[in-house]
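Chains as they are written, first to last, in the numbering used here: chain E, 19 to 192; chain L, 1149 to 1407. In this text, a Cβ means the ideal position worked out from N, Cα and C, and glycines have one as well. Keep in mind it's a predicted model, so treat the numbers as computed, not measured. Below is one structure; the comments refer to it alone.
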Amino acid sequence: MYLAAEGHNPILPIWQEMVIGSISFILLVIVLLKFVMPRMEAMYQARVDAIEGGLKRAEAAQAEANQLLEQYRAQLAEVRTEAAKIRDDARSDAEGIRQDILAKAREESDRIIAAGKEQLAAERATIVRELRTEVGTLAVDLASKIVGESLADEARRKGTVDRFLSGLESAGAR
Amino acid sequence: MSGQLVVAQGLPWPPRVADFYPPHVAGPWVTKFGIMVWLAVALLIIFFMLAYRNPKLVPGKAQWAAESVYGLVRDNIAREQMGNAGIRFAPYFTVLFSFILLTNLFAIVPGLQISPNSHIAFPIVLAAISYAMYNYIGVRKHGLGGYLKKSLILPGVPWPMHFLLIPIEFLQNFVVRPVTLALRLFANLFAGHLLLLVFTIGGFVMLSSDSIFVQATSVFSFAMAIVMTFFEALVAVLQAYVFVTLSANYIGTSLADDH
């Protein structure tokens, strides 16, 4: 009716168009499949290879870098322990030196003290000797004054004084 | 009323089937549709030849575009539908996809404004090639008897069911598949062109109306025509994808070992 009046039913193909479509499409397929598509697949594969190869290379480089890092870390740790050891050694050395110096100083001071003591003892002995003479003289003078007479006999006098002083000393020592 | 409008505007209203059949340029062999198909073939050959004249590992823009199409078809259609066996079909599917996509896009190219695929002759040719391919490949792989058995007989079904199932399977695999393949593409492009005609010519018809209100409303008609143009671009890509995906699926079924 309506469609028939138009002269075309859109569901029915025009046979000339089917021929044109077949020839042109088959020509397109032949040309592209012969000249373009094989190279495209080859390029695709080449690219896949390139990318995968690149990834592998990157992985290898990464592994190498990691190994180097480990190595450096180990070396660093080694160096650190070494440094710590050196520091400890230095510390103990310093301690030893200090002890040495201290010991020497102590010795020196002991020596000085000992010398001082010796000198003191000698001086004391001298003073005691001098004092003994002087005290004897003074005591005799005092005794003469008290008694009112001079004790002329030197030999007796000397014996008396010495006895007296010995008595004093033994009393002081007790 | 409508007769007056046609006279006034020189535009046919409403859109008719005849709009799909413009007068011959020179006899039945040289028509707008035939010329468009040759144009598509020429454009595709020139594009791919130029893009792949000197292919490099790091592609330029044209090479990249060509490879994107190839990569899409190869990985997202062929390998998805057929597994790794599909990669050797990828070149043909790429040509098929590019051809359908380009001819579909003619529907919205200014100056052409209609897709060759809105004449059913061209989808029929493409569907027939896919039909021939999947049957030929199935027969070559399994032998004629093996292929028929595989296509018609469902395993693990009680035998009386086969009186029902064999005709259904036959209809499914040997009639419905190729017919729907061709019809789907044709009908989408036919309807798309009709939609664009309705909104575009409808806009002009409303514009030439006597009522100012109807004239103002024509803005919506033109806006719809623009929206529909974008929609047609989507349909163009989608239908090319669907056609190739289904072809790949059918061939994959022929290649498969089990049902």
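Secondary structure at residue i, three-state DSSP: helix, strand or coil?
{"i": "residue 1173 of chain L", "result": "coil"}
{"i": "residue 146 of chain E", "result": "helix"}
{"i": "residue 179 of chain E", "result": "helix"}
{"i": "residue 1305 of chain L", "result": "coil"}
{"i": "residue 54 of chain E", "result": "coil"}
{"i": "residue 1165 of chain L", "result": "helix"}
{"i": "residue 1178 of chain L", "result": "strand"}
{"i": "residue 1384 of chain L", "result": "helix"}
{"i": "residue 1404 of chain L", "result": "coil"}
{"i": "residue 1205 of chain L", "result": "coil"}
Can you name the residues of chain L whose CB is closer than 7 Å to the CB of residue i?
{"i": "residue 35 of chain E", "result": "1181, 1182, 1267, 1269, 1270"}
{"i": "residue 32 of chain E", "result": "1267, 1269"}
{"i": "residue 104 of chain E", "result": "Simply none; closest approach about 56 Å."}
I want to see whether chain E comes within less than 8 Å of residue i, judged by CB atoms only; does it?
{"i": "residue 1242 of chain L", "result": "yes"}
{"i": "residue 1364 of chain L", "result": "no"}
{"i": "residue 1245 of chain L", "result": "no"}
{"i": "residue 1186 of chain L", "result": "yes"}
{"i": "residue 1398 of chain L", "result": "no"}
{"i": "residue 1189 of chain L", "result": "yes"}
{"i": "residue 1279 of chain L", "result": "no"}
{"i": "residue 1239 of chain L", "result": "yes"}
Cβ closer than 8 Å: which chain L residues qualify as neighbours of residue i?
{"i": "residue 64 of chain E", "result": "1205"}
Quick check on the burial criterion: 16 or more other C-beta atoms within 10 angstroms. Buried or exposed for residue i?
{"i": "residue 165 of chain E", "result": "exposed"}
{"i": "residue 1298 of chain L", "result": "buried"}
{"i": "residue 58 of chain E", "result": "buried"}
{"i": "residue 1448 of chain L", "result": "In the structure displayed, chain L extends from 1149 to 1407; residue 1448 of chain L sits before or after that span and is not available."}
{"i": "residue 1278 of chain L", "result": "buried"}
{"i": "residue 1395 of chain L", "result": "buried"}
{"i": "residue 1368 of chain L", "result": "exposed"}
{"i": "residue 42 of chain E", "result": "buried"}
{"i": "residue 1363 of chain L", "result": "exposed"}
{"i": "residue 1399 of chain L", "result": "buried"}
{"i": "residue 89 of chain E", "result": "exposed"}
{"i": "residue 1170 of chain L", "result": "exposed"}
{"i": "residue 1224 of chain L", "result": "exposed"}
Examine chain L for any beta-carbon lying closer than 8 Å to the beta-carbon of residue i, and answer yes or no.
{"i": "residue 82 of chain E", "result": "no"}
{"i": "residue 72 of chain E", "result": "no"}
{"i": "residue 51 of chain E", "result": "yes"}
{"i": "residue 75 of chain E", "result": "no"}
{"i": "residue 38 of chain E", "result": "yes"}
{"i": "residue 96 of chain E", "result": "no"}
Within the 8 Å Cβ cut-off, does residue i reach chain B?
{"i": "residue 68 of chain E", "result": "Looking for chain B here will not work: the only protein chains present are E and L."}
For a contact defined as C-beta to C-beta under 7 Å, what are the partners of residue i on chain E?
{"i": "residue 1173 of chain L", "result": "Those within 7 Å of residue 1173 of chain L in chain E number zero; the least Cβ separation is about 12 Å."}
{"i": "residue 1338 of chain L", "result": "28"}
If I measure Cβ to Cβ from residue i and keep anything under 6 Å in the same chain, skipping five residues before and after, which residues do I get?
{"i": "residue 1206 of chain L", "result": "none"}
{"i": "residue 1263 of chain L", "result": "1251, 1252, 1254, 1255, 1337"}
Whose Cβ in chain E lies nearer than 8 Å to the Cβ of residue i?
{"i": "residue 1228 of chain L", "result": "Here the premise fails: no neighbours, minimum Cβ distance about 16 Å."}
{"i": "residue 1193 of chain L", "result": "46, 49, 50"}
{"i": "residue 1176 of chain L", "result": "32, 34"}
{"i": "residue 1282 of chain L", "result": "None at all; the shortest Cβ gap to chain E is about 16 Å."}
{"i": "residue 1215 of chain L", "result": "58, 61, 62"}
Enumerate in chain order the residues of its own chain whose CB-to-CB distance from residue i is below 7 Å, with the five nearest sequence positions on each side excluded.
{"i": "residue 1200 of chain L", "result": "1211, 1214"}
{"i": "residue 1354 of chain L", "result": "1362, 1363, 1365, 1366, 1369"}
{"i": "residue 1227 of chain L", "result": "1234, 1235"}
What residues of chain E sit near residue i, judged by a beta carbon separation below 9 Å?
{"i": "residue 1197 of chain L", "result": "49, 50, 53, 54"}
{"i": "residue 1392 of chain L", "result": "Near residue 1392 of chain L there are no residues of chain E at all, since even the closest Cβ is about 13 Å away, more than 9 Å."}
{"i": "residue 1274 of chain L", "result": "39, 43"}
{"i": "residue 1441 of chain L", "result": "Limits of chain L in this structure are 1149 at one end and 1407 at the other, which puts residue 1441 of chain L out of reach."}
Spatial neighbours of residue i within its chain, please: CB distance less than 8 Å, with the 5 preceding and 5 following residues excluded, ordered by chain position.
{"i": "residue 1373 of chain L", "result": "1344, 1347, 1348, 1351"}
{"i": "residue 20 of chain E", "result": "Residue placement at residue 20 of chain E cannot be trusted, given a pLDDT of 42 that sits under 50; what the coordinates show is reported in the next sentence. Hits under 8 Å: none found."}
Under 9 Å between beta-carbons, which chain L residues line up against residue i? List them in chain order, please.
{"i": "residue 57 of chain E", "result": "1200, 1203"}
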